[in-house]
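Shown next, in structure tokens, is the structure this report addresses.
Numbering (the numbering used here), first residue to last: 4 to 456.
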């Protein structure tokens, strides 16, 4: 399986495409980039990892490469990706590296690079990094070799920030019972502490840190059916499920119903706009719900390429108050400039507490939309597909910012489909949504035939 190199990280299968040589080359290039950009003084990098068994050995190796370059490392150990983003910005560090393949299977791992300011590398940053890859290794002198220090301060600092952006008192008074499934990884310890600080009773599922995952890593309703039983048996108010690096969030309500991952961002958008009006930014593969909620209160919704770094750039460009990605990734810039499941959890609990409604009641007025999400082998030629779509759907509007997105309108009905090559897996994704189930199935069938050749 080939190495995947994108703004979403340097991802591969351990021992195959992700080898020690690959780790050294990319870590060295990132270190060179930070040294070039430094304003003098020691360069400091924050390091964190998810719960994969390969994490500790990769962490030690990456820290050693950085130290050999003369870079100091703060090793936070097992922490969520959003914690590292927060720490780099809050502590004014030169950069960060997160060792996580996010929702990919257990045999994968990755380097996710964070630049000063607490955001992931942009496409320009990635170009710079790749230009520096290779060549001589610039060893620091023995006097200037870097150090690695452990830090436990990051978890408490991140929790304090999340608590500072919601009404903790009103949540605490509700004494919610919450089921939490962090898939045996980085979200477990910190999210449990956050929920307890919010006055919740926590029912942990898959919280053991075994180095393996007890369920499929990607948090989608199809992979979370076990949560319903836990909700009902414990009379819980809500369930939250995370991916291994805890940047994505999926919910289930008090009846045991699993909610679409698209609803996580939509609910956060509606709630934040009720408190702080302003623009919204989501990616091209995200549900229409966020746009609908923004327009309802007279606000704009802007779309970006898929990829957390792209959405963050859009949030900064448009001065958005909230944004995210439809895979369950909430980005609330008051708290963190990245997808953050802890922030998403706090906002959902605040929305429930302030409205005095259960989660099922809170979302019962969501517009009824139908969706499709499918994967295909990476064999499609995008130029050919675009020409065929132009011919078959001449009335459509097209966006080629990131793959091909096609939007159609038929009276009051709306439909969109997005076809793009994944940043994180060797596949092509087909994602679509419509106000009409029948119409979406018709268009989906046409797209499937095209994608299967």
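Beta carbons: idealized from backbone N, C-alpha and C, even for Gly. Note that the structure is a prediction, hence the values are computed from the model and not measured.
Proximal residues to residue i (C-beta, below 6 Å), its chain only, five neighbours per side dropped
i, result
"residue 350", "271, 274"
"residue 343", "85"
"residue 32", "132, 135, 136"
"residue 154", "77, 79"
"residue 101", "51, 84, 87, 115"
"residue 213", "187"
"residue 195", "205"
"residue 331", "251, 252, 253, 264, 267"
"residue 217", "187, 209"
Own chain, CB closer than 8 Å to residue i, minus 5 neighbours either side, in chain order
i, result
"residue 197", "162, 165, 166, 345, 348, 349"
"residue 1", "The question about residue 1 has no answer here: the residues shown for the chain are numbered 4 through 456."
"residue 359", "none"
"residue 178", "202, 203, 204"
"residue 71", "140, 142, 143, 148, 149"
"residue 41", "97"
"residue 230", "182, 184, 208, 242, 244, 255, 259, 261"
Where the alpha helix (DSSP H) through residue i begins and ends
i, result
"residue 190", "190-200"
"residue 245", "Per DSSP, residue 245 belongs to no alpha helix (DSSP H); it is in the beta strand (DSSP E), 241-245."
"residue 455", "Premise fails: residue 455 is in no alpha helix (DSSP H) and is neither H nor E."
"residue 217", "No alpha helix (DSSP H) contains residue 217, which DSSP labels as neither H nor E."
"residue 109", "Unbroken run through residue 109: none, as it is neither H nor E."
"residue 346", "344-358"
"residue 20", "No alpha helix (DSSP H) contains residue 20, which DSSP labels as neither H nor E."
"residue 463", "Here the chain comprises residues numbered 4 to 456, so residue 463 is not present and cannot be evaluated."
"residue 233", "229-237"
"residue 3", "In this structure the chain extends from 4 to 456, so residue 3 is not present and cannot be described."
"residue 363", "362-365"
Three-way DSSP call (helix, strand, coil) for residue i in this model
i, result
"residue 149", "coil"
"residue 34", "helix"
"residue 306", "strand"
"residue 373", "strand"
"residue 9", "strand"
"residue 296", "helix"
"residue 92", "helix"
"residue 83", "coil"
"residue 224", "helix"
"residue 102", "strand"
"residue 337", "coil"
"residue 45", "coil"
"residue 14", "strand"
"residue 27", "helix"
"residue 52", "strand"
Proximity test, Cβ basis, 8 Å: residue i and chain C
i, result
"residue 306", "This model lacks chain C altogether, as it is built from one protein chain only."
First through last residue of the beta strand (DSSP E) which encompasses residue i
i, result
"residue 164", "Unbroken run through residue 164 is the alpha helix (DSSP H), 156-167; no beta strand (DSSP E)."
"residue 65", "Element bounds for residue 65: not the beta strand (DSSP E) but the alpha helix (DSSP H), 58-71."
"residue 183", "180-184"
"residue 325", "325-328"
"residue 206", "204-207"
Residues of its chain near residue i, where Cβ-Cβ distance is below 7 Å and the 5 sequence neighbours each way are ignored
i, result
"residue 400", "410"
"residue 27", "68"
"residue 318", "284, 326, 334, 336"
"residue 140", "31"
"residue 126", "10"
"residue 288", "309, 329, 421, 434"
"residue 258", "363"
"residue 223", "253, 264"
Taking contact to mean at least 3 C-beta pairs separated by less than 8 Å, is the region 51-63 in contact with the region 306-313? no
At a cut of 8 Å, does the region 371-380 reach the region 389-405 through at least three beta carbon pairs? no
Return the chain-ordered ranges of every beta strand (DSSP E) run that is complete within the region 111-151 and spans a minimum of 3 residues. 111-118
Complete alpha helix (DSSP H) runs within the region 248-290 (minimum length 4 residues, chain order): 264-278
Assess, as a yes-or-no matter, whether the region 292-302 is touched by the region 407-422 under the definition of 3 or more beta carbon pairs within less than 8 Å. no
Go through the region 386-452 residue by residue and report every complete run of the beta strand (DSSP E) that reaches 3 residues or more, in order. 400-402, 407-413, 416-424, 430-437
Per the contact definition of three or more C-beta pairs closer than 8 Å, is the region 361-375 in contact with the region 181-193? no
Assess contact between the region 201-217 and the region 256-268, defined as three or more Cβ pairs (one per stretch) separated by less than 8 Å. Is contact present? no
Pairing CB atoms from the region 108-119 with CB atoms from the region 8-18, are three or more of them under 8 Å? yes
Under 8 Å, with one C-beta from each stretch per pair, do the region 433-440 and the region 17-35 reach the 3-pair mark? no
Counting pairs of beta carbons, one from the region 94-103 and one from the region 169-180, are three or more of them closer than 8 Å? no
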